[in-house]
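Okay, structure first, notes after.
Residue numbers (the working numbering): 241 to 410.
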């Protein structure tokens, strides 16, 4: 048991286009293909469109990562399964802080831990210096994965998602 955590990339698919000549809305070919693929027969909405979520990263019981997303959510703890919107800019800022910590330019471990507290400390969670030391390699791996994701999303040739969402269920 425990907490399952996910960072998902989302693609917003337009469901309809407006035809000025006939004053009607027509379903987009992409939405129709999705409806056909998924055998969806119920009526489609005129406004908006489906959001397709792609699981990008997954963790289990990693409270530090959970706390940083709570911090991005203005320190509000989401209910189990609630999705928190996370912009690329927020992921970039988070990764910048982590990269500073893992740069190796600090002689004093306490300075690194103070920076980690800036990233992870929230009203819901706080961590001891020993907990940071124990999770050091995992946090470094998290930072490496974020760097790759951000690099991918900042390149117009490889950009894939309209946004990101974090959720946790327990």
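For every residue, glycine included, the Cβ atom is placed at its ideal position computed from N, Cα and C.
Nearest CA to the CA of residue i: which residue from the options?
i: residue 365; options: 297, 383, 247, 303; result: 303
i: residue 339; options: 380, 296, 306; result: 380
i: residue 250; options: 401, 409, 407, 410; result: 401
i: residue 278; options: 265, 301, 287, 292; result: 292
i: residue 242; options: 313, 311, 377, 301; result: 301
i: residue 361; options: 280, 260, 265, 309; result: 309
i: residue 275; options: 390, 265, 289; result: 289
i: residue 328; options: 248, 403, 307, 407; result: 403
Thinking residue i and residue j are a contact (beta carbons under 8 Å), I'd like their distance in whole angstroms, please.
i: residue 341; j: residue 352; result: 5 Å
i: residue 299; j: residue 388; result: At roughly 16 Å, the Cβ-Cβ gap does not stay under 8 Å, so residue 299 and residue 388 are not in contact.
i: residue 314; j: residue 363; result: The Cβ separation is near 10 Å, so there is no contact.
Quick check: the Cα distance between residue i and residue j, rounded to an integer number of angstroms?
i: residue 349; j: residue 272; result: 56 Å
i: residue 269; j: residue 357; result: 48 Å
i: residue 320; j: residue 267; result: 34 Å
i: residue 253; j: residue 409; result: 26 Å
i: residue 413; j: residue 286; result: Only positions 241 to 410 of the chain appear in the structure, and residue 413 is not among them; the question remains open.
i: residue 322; j: residue 295; result: 15 Å
i: residue 367; j: residue 305; result: 12 Å
i: residue 297; j: residue 326; result: 13 Å
i: residue 370; j: residue 376; result: 10 Å
i: residue 258; j: residue 398; result: 29 Å
i: residue 186; j: residue 318; result: Here the chain covers residues 241 to 410 and nothing more, so residue 186 does not appear.
Can you tell me where the alpha helix (DSSP H) with residue i in it begins and where it stops?
i: residue 359; result: 349-360
i: residue 307; result: 303-312
i: residue 256; result: Segment 256-259 is the beta strand (DSSP E) holding residue 256; no alpha helix (DSSP H) there.
Kindly indicate the opening and closing residues of the beta strand (DSSP E) around residue i.
i: residue 250; result: 244-252
i: residue 267; result: 264-267
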